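J.:
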Amino acid sequence: MSLSSPYQDPALCRALLDRLQTALDGRELRFMEVCGTHTVSIFQSGLRSLLPKEVTHLSGPGCPVCVTHDAEVAAFLDLAGRDGDLLRVPGPGGRSLKHAQAQGARIEIVYSPLDALNIAAANPDDTVVFLGIGFETTAPTVAATLMMAEQRKLDNFCVLSLHKLVPPVLRALLDDKDGCDVQAFLLPGHVSTILGLEPYGFLASEYRVPAVVGGFEPVDILQALCIMAEQRRDDAPAVVNAYQRAVSDQGNPRARALLETYFMPSDALWRGLGPIPNSGLALRPAYERFDAMKRLDITLPDVPPLPGCRCGQVLKGRITPPQCPLFGKACTPASPVGPCMVSTEGSCAAYFKYMT
Ligand code: SF4
Numbered sequence: 001m002s003l004s005s006p007y008q009d010p011a012l013c014r015a016l017l018d019r020l021q022t023a024l025d026g027r028e029l030r031f032m033e034v035c036g037t038h039t040v041s042i043f044q045s046g047l048r049s050l051l052p053k054e055v056t057h058l059s060g061p062g063c064p065v066c067v068t069h070d071a072e073v074a075a076f077l078d079l080a081g082r083d084g085d086l087l088r089v090p091g092p093g094g095r096s097l098k099h100a101q102a103q104g105a106r107i108e109i110v111y112s113p114l115d116a117l118n119i120a121a122a123n124p125d126d127t128v129v130f131l132g133i134g135f136e137t138t139a140p141t142v143a144a145t146l147m148m149a150e151q152r153k154l155d156n157f158c159v160l161s162l163h164k165l166v167p168p169v170l171r172a173l174l175d176d177k178d179g180c181d182v183q184a185f186l187l188p189g190h191v192s193t194i195l196g197l198e199p200y201g202f203l204a205s206e207y208r209v210p211a212v213v214g215g216f217e218p219v220d221i222l223q224a225l226c227i228m229a230e231q232r233r234d235d236a237p238a239v240v241n242a243y244q245r246a247v248s249d250q251g252n253p254r255a256r257a258l259l260e261t262y263f264m265p266s267d268a269l270w271r272g273l274g275p276i277p278n279s280g281l282a283l284r285p286a287y288e289r290f291d292a293m294k295r296l297d298i299t300l301p302d303v304p305p306l307p308g309c310r311c312g313q314v315l316k317g318r319i320t321p322p323q324c325p326l327f328g329k330a331c332t333p334a335s336p337v338g339p340c341m342v343s344t345e346g347s348c349a350a351y352f353k354y355m356t
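Using this note's numbering, the first residue of the sequence shown is number 1, and each one after it goes up by one.
Spelled out as C-alpha cells, the structure:
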C-alpha cells in the first residue's frame with residue numbers, strides 16, 4: 001500500500017489507535033461497517049490486524065450485488081430469456097446472467113444509465129431495459145436518466161428498479177427478532193453524500209446506537225472508531241459526520257429532489273433479510289411508462305434460498321464469512337455459491353482475498 005496520503009499517515013494512525021485504546025478502556029466495540037468499500041479498505045490497508053482485540057468488525061448489507069435477492073436475479077434471467085459483477089451472481093439452478101448472455105441473450109454492461117439511453121436511441125425498434133440496482137448513491141443518476149428520456153421522448157427505454165435504501169435496512173437489523181449484536185455503525189460515505197445526517201437520526205435517538213459517517217482511508221476509519229468508542233464510554237450516542245471533506249450534513253438536496261420526483265419508497269426484498277417495508281424505490285405512477293415491472297409485466301417469483309449459503313447471516317453480522325461451512329471450499333471467487341463471494345466488495349470475497 002502506498003502511504004502517500006495524509007489520510008494514511010502511520011504516525012497519525014498510531015495516535016488514533018492509542019486514542020481508541022484509551023476510549024475503549026477494556027470495553028468491547030462490535031461495530032458494523034455498512035458499506036462494502038469500508039470492508040475492503042479495512043482489509044486492504046492492514047487495519048484489521050492493528051485494531052485492538054476489543055474491536056470486532058462486522059460487515060453489513062451495503063454491497064448492492066450481495067443484497068440483490070434470488071427472486072430478483074430470477075426476474076432478470078426471465079427477462080433475458082424473453083428476448084460487472086451482477087452478471088456472475090448465480091440465480092436458481094446456478095444459472096447467471098453471464099450464462100444467459102452466453103446463450104445469446106442481449107445483455108450489455110454499461111458504465112452509466114445514460115449509455116443505456118443512448119442504446120435505446122440507436123435501436124428505436126427494441127425495448128431497452130436498464131437494470132437499476134444500488135442504493136441512494138446510484139439511484140439519482142437513474143432519476144436523471146429518466147428526466148432525459150422524457151426530454152428526448154424515448155419511449156423504448158425503461159428501468160427495472162431494484163434500488164434499495166440504507167436507513168430502512170439499518171432499522172430492520174436493529175429490530176431483528178433474533179436480536180442484534182451491533183453496538184455502533186460506520187455509516188456509508190457515498191450514500192451519505194446524498195442523504196446527509198438527518199435520515200440516520202433514529203439510530204441514536206430511538207436505538208441509542210452511535211453512528212458515524214466515515215471516509216475510506218485508514219485515518220478516516222480510525223477516527224470514526226474513536227468517536228464511536230467515546231460515545232459509548234460517555235453513554236452519549238449521536239450521529240456524527242467524520243467525513244466532512246466529502247459529505248455535507250445536509251447531503252445533496254438536488255439529488256434527493258430528483259429522486260423524489262421520479263421514485264417513491266416501496267417494499268423491497270433483501271437477500272437473506274427478506275422483505276423490508278419501504279426499503280426500495282419504485283417509479284411513481286406518473287412515470288409508469290418507464291417502469292419495466294409494469295410495462296413488461298414482471299413479477300418476482302418465489303425462489304428457495306441457495307442451499308447452504310449463509311449470506312443472510314453474514315449480512316446481518318451474525319457470522320463472519322469463514323464461519324460459513326462452504327467458505328473457501330465449495331464457495332470461492334472462481335466458483336461462487338452466493339453473491340457475497342461474487343462482488344469485489346462482498347464480505348466473503350474480501351475475507352477470501354485477504355485472509356486465505
Ligand atoms: Fe454464501 Fe459463499 Fe459467503 Fe458462504 S462463503 S455465505 S456460501 S457467499
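Beta carbons: idealized from backbone N, C-alpha and C, even for Gly. Only a predicted model underlies this, so the values are computations on that prediction, with no experimental measurement involved.
Using 10 angstroms around the beta-carbon of Ala122, count the other beta-carbons present and answer buried if the total reaches 16, otherwise exposed.
T.: It counts as exposed.
J.: What three-state label does DSSP hand Asp234 in the structure shown?
T.: Helix at Asp234.
J.: Tell me, which residues are paired with Val128 by DSSP?
T.: Paired residue(s): Phe157.
J.: Kindly give me the distance between the Cβ atoms of Gly274 and Tyr7, rounded to whole angstroms, as I take these residues to be in contact under 8 Å.
T.: About 38 Å separates the two Cβ atoms, so there is no contact after all.
J.: Relative to the C-alpha of Val169, which residue among Leu16, Ala350, Gly312, Gly338 is closest?
T.: The candidate whose alpha carbon is nearest that of Val169 is Gly312.
J.: Determine whether the beta carbon atoms of Gly365 and Ala350 lie at a separation below 9 Å.
T.: It is not possible to answer for residue 365, since the shown part of the chain is limited to 1 through 356.
J.: Here's a check: name, in chain order, each residue in its chain whose Cβ is nearer than 7 Å to the Cβ of Asn241, leaving out the five neighbours to either side.
T.: Answer for Asn241: Leu197, Val213, Val247, Asp249, listed in chain order.
J.: With distances taken Cα to Cα, identify the nearest neighbour of Ser45 among Ala257, Gly189, Ser347, Cys13.
T.: Here the closest residue by C-alpha is Cys13.
J.: If you run the structure through DSSP and keep just helix, strand and coil, what is Met1?
T.: Because the pLDDT at Met1 is just 47, under 50, the model does not fix this residue reliably, and the value given afterwards should be weighed accordingly. If DSSP states are grouped into helix, strand and coil, Met1 belongs with coil.
J.: Candidates Pro285, Lys153, Met228: which alpha carbon is nearest Leu187's?
T.: Comparing Cα-Cα distances from Leu187 to each of Pro285, Lys153, Met228, the minimum goes to Met228.
J.: Relative to the C-alpha of Gly280, which residue among Leu259, Glu150, Gln183, Thr320 is closest?
T.: Ranking Leu259, Glu150, Gln183, Thr320 by Cα distance to Gly280 puts Leu259 first.
J.: Go through its chain and collect everything with a Cβ distance to His190's Cβ below 6 Å, but skip five positions before and after it.
T.: Counting only Cβ-Cβ distances below 6 Å, and skipping sequence neighbours, we find Thr137.
J.: So does Phe43 have its beta carbon nearer than 8 Å to some heavy atom of the ligand SF4?
T.: No.
J.: At the level of alpha carbons, what is the spacing between Met147 and Arg318?
T.: Each residue's alpha carbon lies about 41 Å from the other.
J.: Have a look at Leu117, Val129, Phe263 and flag the residue whose alpha-carbon is nearest the alpha-carbon of Ile107.
T.: When each option's Cα is compared against that of Ile107, the closest is Val129.
J.: What is the residue span of the beta strand (DSSP E) that Arg30 lies within?
T.: Element bounds for Arg30: 29-33.
J.: Who are Asn278's beta bridge partners in DSSP?
T.: Partner(s): none; Asn278 has no beta bridge.
J.: Taking only runs that begin and end inside the segment 244-324, name each unbroken beta strand (DSSP E) of 3 or more residues, in chain order.
T.: Counting whole runs of 3 or more residues, the segment 244-324 contains the beta strand (DSSP E) stretches 263-270, 274-283.
J.: Sort Ser205, Val110, Gln183, Pro305 by Cα distance to Glu54 and report the nearest one.
T.: When each option's Cα is compared against that of Glu54, the closest is Gln183.
J.: Using a Cβ-Cβ cutoff of less than 8 Å, which residues in the same chain neighbour Val209 once the five nearest sequence positions on both sides are dropped?
T.: Cβ neighbours of Val209 beyond the five flanking positions: Leu174, Val182, Gln183, Ala184, Phe185, Leu203, Pro237.
J.: For the segment 142-203, list the alpha helix (DSSP H) runs that are entirely contained and at least 4 residues long, ordered along the chain.
T.: Listed in chain order, they are 166-174, 189-195.
J.: In angstroms, rounded to a whole number, what distance separates the CA positions of Lys329 and Tyr354?
T.: Rounded to whole angstroms, Lys329 to Tyr354 spans 16 Å at the Cα level.
J.: Measuring alpha carbon to alpha carbon, tell me which of Leu58, Val142, Thr22 ends up nearest Thr39.
T.: For the residues Leu58, Val142, Thr22, the minimum Cα distance to Thr39 belongs to Leu58.
J.: Taking its Cβ as the centre, do 16 or more other Cβ atoms sit within 10 Å of Asp83, making it buried, or is it exposed?
T.: In this prediction, Asp83 has a pLDDT of 48, which is less than 50 and means its spatial position is unreliable; what the coordinates show is noted afterwards. With fewer than 16 other Cβ atoms within 10 Å, it is exposed.
J.: For the ligand SF4, is there a heavy atom less than 8 Å away from the beta-carbon of Met293?
T.: Answer for Met293: no, Cβ out of range of the ligand SF4.
J.: Flag Asn355 as yes when its Cβ comes closer than 8 Å to any non-hydrogen atom of the ligand SF4, and as no otherwise.
T.: What sits at residue 355 in the sequence shown is Met, not Asn. The answer is no for Met355.
J.: For Arg284, which residues of its own chain have a beta-carbon under 7 Å away from its beta-carbon, when the five flanking residues on both sides are left out?
T.: Here the set comprises Tyr262, Phe263, Met264.
J.: Give the secondary structure of Leu47 by DSSP, where H, G and I count as helix, E and B as strand, and everything else as coil.
T.: Correct three-state label for Leu47: helix.
J.: Going by C-alpha distance, which of Gly308, Phe157, Arg171 is nearest Pro277?
T.: Checking every option, the nearest Cα to that of Pro277 belongs to Arg171.
J.: Is Leu222 helix, strand or coil when you go by DSSP?
T.: Reduced to three states, the DSSP call for Leu222 is helix.
J.: How should Arg289 be labelled, buried or exposed, when 16 other C-beta atoms within 10 angstroms of its C-beta is the threshold for buried?
T.: Arg289 comes out exposed.
J.: For Gly346, count the other beta carbons within 10 Å of its own beta carbon; 16 or more makes it buried, fewer makes it exposed. Which is it?
T.: So Gly346 counts as buried.
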